[in-house]
Amino acid sequence: MHLTGAQIVCESLMREGIEVMFGLPGGAILPLYQAMPEYPQLKHILVRHEQNAAHAADGYARASGKVGVCIATSGPGATNLVTGLATAMMDSIPVIAITGQVPRGAIGKDAFQETDITGITLPITKHNYLVMHTADLAGTIKEAFHIARTGRPGPVLIDIPRDVLTESADFVYPDNVTLKGYKPTMDGNGLQIKLAAKLIADAKRPLILAGHGVIIANAFDELRELAETAQVPVITTLLGISSFPEDHVLSMGMPGMHGMAYNNIAIDRSDLLIAVGMRFDDRVTGRLSTFAPHAKVIHIDVDPAEVGKSVHVTVPIVGDAKRVLHALANEVTPATRLEWLQEIDELRLEHPSDRLRESDKLLPQYVLKEISDVTNGNAIVVTGVGQHQMWAAQAYTFREPNSFITSGGLGTMGFEVPAAMGAQVARPDKTVWSIAGDGGFQMTMSELATIVEHQLPVKFALINNGYLGLVRQLQDLFEGGKRVSVEYSHNPDFVALAEAFGIRAFRVTEKGQMRGAILEAMAHEGPALIDFRVEPEENVYPHVPAGEGVTEMLEGPRPETEGAWKR
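In structure tokens:
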């Protein structure tokens with residue numbers, strides 16, 4: 068079959084099972100767009116900004132477990148993808164970015180909209196390509212998808228000069244891919260698994276630290292089997308949230324900088340940490356020299372580069388989380404650990420980070436708790452980055468697997484709108500709530516037009532406090548209260564703004580209005596936005612100061628000055 072390069076790209080995407088792409092055309096990528104009508108099976112969603120195409124592909128990939136695809140033209144189109152690709156790289160998300168490039172003869176001559184996008188994205192992609200021959204396109208795309216979705220997933224960029232898209236070649240799509248030097252280890256070493264099982268049997272105070280790798284590997288049942296068999300409590304990292312049901316008796320929630328205080332203390336007392344698909348990020352460990360001083364460590368990860376990178380590991384196991392956890396669960400001895408579980412129950416009572424503070428004001432925690440109750444913890448929740456992200460992680464009870472989507476490693480503000488769009492495209496059967504801060508929301512709110520255009524029923528909870536809240540909190544707590552460039556004194560009328568896009572919108576200023584507005588938003592068939600005018604100076608607690616150990620945390624405001632505590 069003799070096809071143009073553009074046709075080869077479309078045929079290859081179809082062979083990989085791609086059904087939807089997010090992009091924005093321009094001159095260098097135009098031949099690909101002109102070929103798209105020949106392939107109606109490939110749905111294209113026209114975004115308002117290329118960064119949002121990358122975030123939407125990311126959200127789609129996280130929600131579906133498939134590879135997300137984004138498309139941009141050369142120059143600024145390609146560079147606008149950078150933040151989204153870096154976000155996907157840090158969080159191990161399989162995304163394929165296809166960019167147009169100036170014709171081959173113009174490369175290196177500062178042609179109009181020429182940018183070395185492969186050079187720019189080298190540190191923030193798992194791999195990238197500049198395809199100089201039309202005949203190489205099919206094989207390159209096959210390789211790119213293989214790399215993106217296998218082992219530790221990640222984004223791959225394919226840069227294609229315009230004339231490579233217009234020239235023709237024979238189309239032969241490879242059945243298999245063999246790459247020298249790239250053979251991810253999927254099955255853990257049997258001896259190491261037996262050693263890990265022995266450590267678990269001997270431990271008195273073990274904990275599981277479940278990370279994003281559990282979700283990526285679809286290892287939900289295996290994690291639960293191990294936890295229940297060995298009776299080991301499960302702590303979930305920010306990206307590990309929704310890897311273990313939070314209404315389970317062994318669920319403990321999040322650790323670290325804004326995690327539950329009792330989790331940080333439990334880690335400090337633990338004699339064994341079973342880390343699964345997590346990388347001991349600094350937000351989890353705090354000061355490394357004081358982290359888990361009494362604990363041996365079992366580290367399970369498909370990426371050998373992560374094992375031992377930050378924390379000394381007693382038993383390293385390189386392999387796919389699903390396979391390793393299954394093998395480990397078959398090796399461990401059933402246990403009870405009543406003493407340890409009772410000690411943790413006492414820590415929860417003594418350090419009640421999960422309690423809501425009593426107040427007549429509209430606190431953001433109330434909003435997230437109310438959304439959790441109304442949805443029964445069964446919605447897909449997509450957040451941006453900041454205080455609202457932490458409140459969502461703390462107050463929403465996630466009951467379903469893979470139901471929390473957020474930017475973890477890069478901490479990308481503005482992620483909440485386009486990623487929710489991608490998640491809703493991936494899961495039209497689910498209610499998708501985008502939990503947004505007023506700062507991040509304004510960075511990418513142009514995609515509201517795209518959401519309306521495609522009739523995507525995303526529900527937006529705008530946690531509107533008029534501040535870059537987490538930065539304001541840092542300034543108040545650690546910079547002597549000197550506030551610099553953190554207040555949004557002229558926010559738009561978000562209700563009127565949403566209505567201008569054609570979105571049903573509500574404003575909530577009092578606690579008693581919350582449930583009615585949430586129910587009405589959910590009953591509305593299309594997208595809806597609720598502008599929650601929350602207490603502007605509410606802080607996130609606990610808070611581990613930068614550079615301190617996780618037990619050296621501020622557990623909360625003083626009750627005598629900021630209200631009493633209640634469950």
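The working numbering applies: residue 68 is where the sequence shown begins, and numbers increase by one.
Yeah, the Cβ is synthetic: ideal placement off N, Cα and C, and Gly gets one too.
Every unbroken alpha helix (DSSP H) inside the stretch 346-421 [4 residues or more]:
349-352, 388-398, 405-417
Give the straight-line distance between the Cα atoms of residue 394 and residue 403, rounded to the nearest whole angstrom.
Position 327 of the sequence shown holds residue 394. Position 336 of the sequence shown holds residue 403. Cα to Cα, the separation comes out at about 20 Å.
Assigned secondary structure, residue 219 (DSSP; H/G/I helix, E/B strand, else coil)
Here residue 219 is taken as the residue at index 152 of the sequence shown, counted from 1. In the structure shown, residue 219 sits in coil (DSSP, three-state: anything other than H, G, I, E or B).
How big is the Cα-Cα spacing for residue 510 and residue 80?
For the purposes of this step, residue 510 is identified with residue 443 of the sequence shown, where counting begins at 1. For the purposes of this step, residue 80 is identified with residue 13 of the sequence shown, where counting begins at 1. Rounded to the nearest whole angstrom, the C-alpha separation of residue 510 and residue 80 is 31 Å.
Assign residue 69 to one of three DSSP states: helix, strand, or coil.
Within the sequence shown, numbered from 1, the residue matching residue 69 stands at position 2. Residue state, collapsed to three classes: strand.
Which whole-angstrom value is the C-beta distance of residue 459 and residue 484, which I expect to be below 8 Å?
By 1-based counting over the sequence shown, the position of residue 459 is 392. By 1-based counting over the sequence shown, the position of residue 484 is 417. Incorrect: roughly 15 Å between the Cβ atoms, too far for contact.
Name the DSSP bridge partner or partners of residue 598?
In the sequence shown, residue 598 corresponds to position 531, counting from 1. Answer is 529, 574.
Could you pull out every residue in the same chain whose Cβ sits closer than 6 Å to the Cβ of residue 373, ignoring the five residues on either side in sequence?
In the sequence shown, residue 373 corresponds to position 306, counting from 1. The residues are 346.
Quick one: give me the first and last residue of the alpha helix (DSSP H) that residue 297 is part of.
Sequence index remark: in the sequence shown, residue 297 carries index 230 (1-based). It spans 287-297 - the alpha helix (DSSP H) in which residue 297 sits, taken as one unbroken run.
Use the C-beta contact count for residue 416: other C-beta atoms within 10 angstroms, 16 or more gives buried, fewer gives exposed.
Indexing the sequence shown from 1 puts residue 416 at position 349. Exposed, because fewer than 16 other Cβ atoms sit within 10 Å of the Cβ of residue 416.
In chain order, which continuous runs of the beta strand (DSSP E) of length 3 or greater are located wholly inside the stretch 190-216?
Whole beta strand (DSSP E) segments, 3+ residues: 194-197.
Residue 523 versus residue 487: straight-line alpha-carbon distance, rounded
For the purposes of this step, residue 523 is taken as residue 456 along the sequence shown, with counting starting at 1. For the purposes of this step, residue 487 is taken as residue 420 along the sequence shown, with counting starting at 1. The C-alpha of residue 523 lies about 10 Å from the C-alpha of residue 487.
Could you check what DSSP says for residue 476 in three-state terms: helix, strand or coil?
What you label residue 476 is simply residue 409 of the sequence shown in a count that begins at 1. Note: residue 476 maps to coil in three-state DSSP.
Whole angstroms is fine: what's the gap from residue 560's alpha carbon to residue 433's?
In the sequence shown, counting from the first residue as 1, residue 560 sits at position 493. In the sequence shown, counting from the first residue as 1, residue 433 sits at position 366. Residue 560 and residue 433: Cα-Cα distance of roughly 22 Å.
I need the DSSP call for residue 281, collapsed to helix, strand or coil.
On the sequence shown, residue 281 is found 214 positions in, with the first residue counted as 1. DSSP places residue 281 in helix when its eight states are reduced to three.
Is it the case that the Cβ atoms of residue 261 and residue 467 are separated by a distance below 9 Å?
Locating residue 261 in the sequence shown gives position 194, where the first residue counts as 1. Locating residue 467 in the sequence shown gives position 400, where the first residue counts as 1. Result no, Cβ atoms of residue 261 and residue 467 do not sit closer than 9 Å.
If I follow the unbroken alpha helix (DSSP H) through residue 250, where does it start and stop?
Taking the sequence shown and counting its residues from 1, the one referred to as residue 250 is at position 183. Where residue 250 is concerned, there is no enclosing alpha helix (DSSP H), given that its DSSP letter is neither H nor E.
Would the stretch 234-247 and the stretch 202-212 be scored as touching if the rule is three or more Cβ pairs under 8 Å?
Taking 8 Å as the limit for Cβ pairs, the verdict is that the stretch 202-212 does touch the stretch 234-247.
When the distance is taken between beta carbons, is residue 112 closer than 9 Å to residue 135?
For the purposes of this step, residue 135 is taken as residue 68 along the sequence shown, with counting starting at 1. For the purposes of this step, residue 112 is taken as residue 45 along the sequence shown, with counting starting at 1. For residue 135 and residue 112, no; Cβs fall outside 9 Å.
At what residues does the beta strand (DSSP E) containing residue 122 begin and finish?
On the sequence shown, residue 122 is found 55 positions in, with the first residue counted as 1. No beta strand (DSSP E) holds residue 122; the alpha helix (DSSP H) holding it covers 117-131.
Looking at C-beta atoms only, is the number of pairs between the stretch 333-344 and the stretch 493-501 that lie closer than 8 Å three or more?
Because the criterion of three Cβ pairs below 8 Å is not met, the stretch 333-344 and the stretch 493-501 do not touch.
When 223, 211, 254, 226 are compared against residue 246, the one with the closest alpha-carbon:
For the purposes of this step, residue 246 is identified with residue 179 of the sequence shown, where counting begins at 1. Closest by alpha carbon: 211.
Cα-Cα, which of 226, 564, 217 is closest to residue 148?
Residue mapping note: residue 148 aligns to position 81 of the sequence shown, counting from 1. Here the closest residue by C-alpha is 226.
DSSP three-state assignment for residue 136, whether helix, strand or coil:
Counted from its first residue, the sequence shown places residue 136 at position 69. Three-state result, residue 136: strand.
Would you be able to state if there are at least three C-beta pairs under 8 Å between the stretch 324-331 and the stretch 276-291?
no
Mind checking residue 379: buried by the 16 CB within 10 Å criterion, or exposed?
For the purposes of this step, residue 379 is identified with residue 312 of the sequence shown, where counting begins at 1. An exposed status is given to residue 379, since fewer than 16 other beta-carbon atoms sit within 10 Å of its beta-carbon.
Indicate the three-state DSSP secondary structure (helix, strand or coil) for residue 343 in the structure shown.
Within the sequence shown, the letter at position 276 stands for residue 343. Of the three classes helix, strand and coil, the one that applies to residue 343 here is strand, per DSSP.
My assumption, with CB atoms under 8 Å, is that residue 266 sits in contact with residue 381. Please give the rounded CB distance.
Taking the first residue of the sequence shown as 1, we reach residue 266 at position 199. Taking the first residue of the sequence shown as 1, we reach residue 381 at position 314. Right, the Cβ-Cβ distance comes to about 7 Å (below 8 Å), so this counts as a contact.
Considering only DSSP beta bridges, list what residue 89 is partnered with.
Counting from one through the sequence shown, the residue named residue 89 turns up at place 22. Paired residues: 112, 137.
In this structure, how does DSSP classify residue 633 when only helix, strand and coil are distinguished?
Taking the sequence shown and counting its residues from 1, the one referred to as residue 633 is at position 566. Because residue 633 sits at a pLDDT of 37, beneath the cut-off of 50, its placement in the model cannot be relied upon, and the following sentence gives the value as read from the coordinates. Residue 633 falls in the strand class under three-state DSSP.
Thinking residue 271 and residue 244 are a contact (beta carbons under 8 Å), I'd like their distance in whole angstroms, please.
Start at 1 with the first residue of the sequence shown, and residue 271 comes out as number 204. Start at 1 with the first residue of the sequence shown, and residue 244 comes out as number 177. Their Cβ separation, rounded to whole angstroms, is 47 Å, which puts residue 271 and residue 244 out of contact at 8 Å.
Exposed or buried, residue 508, counting other C-beta atoms within 10 Å across all chains shown (16 or more means buried)?
For the purposes of this step, residue 508 is taken as residue 441 along the sequence shown, with counting starting at 1. Of the residues assessed, residue 508 falls on the buried side of the cut-off, its CB having 16 or more other CB atoms within 10 angstroms.
How long is the line joining the alpha carbons of residue 107 and residue 240, rounded to whole angstroms?
Here residue 107 is taken as the residue at index 40 of the sequence shown, counted from 1. Here residue 240 is taken as the residue at index 173 of the sequence shown, counted from 1. For residue 107 and residue 240, the distance between alpha carbons rounds to 20 Å.
With distance defined between alpha-carbon atoms, name the residue in 555, 480, 611 nearest to residue 604.
Mapped onto the sequence shown, residue 604 falls at position 537. For residue 604, the closest of 555, 480, 611 by C-alpha to C-alpha distance is 555.
What residue range does the beta strand (DSSP E) around residue 166 cover?
Taking the first residue of the sequence shown as position 1, residue 166 is located at position 99. Run containing residue 166: 162-168, per the beta strand (DSSP E) assignment.
Neighbourhood of residue 512 by C-beta distance below 7 Å, restricted to the same chain and skipping five residues each side
On the sequence shown, position 445 is the one that residue 512 refers to. The residues are 484.
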